[in-house]
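Quick notes on the structure that follows.
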Amino acid sequence: MQTQKIVMDPFCYRQFEKYASQQIIYDRDKFIEQVNEQYRVEELRDGYAPFCKHLFLENFTETPNYTLEIKKENEHLIRTAYKARNENELPFLARFIPIESIQLQKAKYLDIILYSKEYFTSRNQQRGLEDINGAIDYDYGIIGIKPQDGTDQTPMPPMTCVRNALGQKFGGSGFELNKEEYLNCVEYWSKHIYAEHLCSPLF
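Here the sequence shown stands for residues -3 to 199, numbered as in the numbering used here.
In structure tokens:
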């Protein structure tokens, strides 16, 4: 069996596509190589669930920070649309600033969001998905990447909390909604917003 500490789940492939939400400007295979080179298990931070970890790395790509603070100077640019991350998920009403209407700066860090192999094995079985990494002896799979300017975890969008609570059937992780954490997410995203393309799926 092939051994590799970190793999990438196909769900994350979308971030390497043109016009993707939170698009990572880098070759996907080389990105995985870089993460494995810099991976140190002692640097992992706990995530929102037992199967979730975060690895913060300095931004080795040209990816900008897509998260903006809402200010008087940009609030007139805010748009809304119903969006889903893929065709199997329920659309949620999202707000964003069109990426074409604003100047973005390169992010200082990348928050690499990791789920355990045990989680992916269970998820693939429940959803009837092909386990393309099943033959690899790995520790974690990359489920998402957040470009940002700090090394604190950015609260997930409230819609992501709800989707996770809805369970595997609707594209969530199945982790129970925590009211306190949800309200913390609401507070943050009441003051912040993503810059993205109108045609981009949700992050």
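A virtual CB, placed ideally from N, CA and C, is assigned to each residue, including glycine. Here the structure is a predicted model, which is why all the values come from computation and not from measurement.
> What is the residue span of the beta strand (DSSP E) that Leu106 lies within?
Replying inline: 105 to 112
>> Once the 5 residues before and after Val31 are set aside, which same chain residues still bring their CB inside 8 Å of it?
In response: Ile2, Leu51, Leu53, Ile108, Ile138
>> So for Thr156, helix, strand or coil by DSSP?
In response: helix
>> According to DSSP, simplified to helix, strand and coil, what is Thr50?
In response: Note that residue 50 is His in the sequence shown here, rather than Thr. Correct three-state label for His50: strand.
> Taking the continuous beta strand (DSSP E) assigned at Ile139, which residues delimit it?
Replying inline: 136 to 144
> Touch check for the segment 70 to 78 and the segment 87 to 96: three-plus C-beta pairs under 8 Å?
Replying inline: yes
>> If you reduce the DSSP assignment to three classes, tell me which class His193 lands in.
In response: coil
>> Quick check on the DSSP output: the beta strand (DSSP E) that includes Arg75 runs from which residue to which?
In response: Where Arg75 is concerned, the enclosing beta strand (DSSP E) stretches over 75 to 79.
> Skipping 5 residues on each side, what residues in its chain have a beta carbon closer than 6 Å to that of Gln34?
Replying inline: Leu53
>> Closer than 8 Å is the cut-off here; do at least three beta carbon pairs connect the segment 155 to 164 with the segment 126 to 145?
In response: no
> Taking the C-alpha atoms as reference points, what is the distance between Ser97 and Thr(-1)?
Replying inline: Cα atoms of Ser97 and Thr(-1): separation of roughly 44 Å, rounded to the nearest angstrom.
>> Which residue marks the beginning of the alpha helix (DSSP H) containing Phe27, and which one marks its end?
In response: Per DSSP, Phe27 belongs to the alpha helix (DSSP H) from 24 to 34.
> Would you call Asp5 buried or exposed, if buried means 16 or more other Cβ atoms sit within 10 Å of its Cβ?
Replying inline: buried
> What are the start and end residues of the beta strand (DSSP E) that includes Leu89?
Replying inline: 88 to 94
> If you draw a straight line from the C-alpha of Leu100 to the C-alpha of Arg41, how long is it?
Replying inline: 27 Å
> Cβ of Asn61 within 8 Å of Cβ of Ala103?
Replying inline: yes
> Since Phe47 and Glu126 are thought to touch, with beta carbons under 8 Å apart, how far apart are those beta carbons, to the nearest angstrom?
Replying inline: No, Phe47 and Glu126 are not in contact; Cβ-Cβ is about 20 Å, not under 8 Å.
> Once you ignore the five residues that flank Ile74 on each side, which residues in its own chain have a CB closer than 7 Å to its CB?
Replying inline: Arg91, Ile93, Ile189
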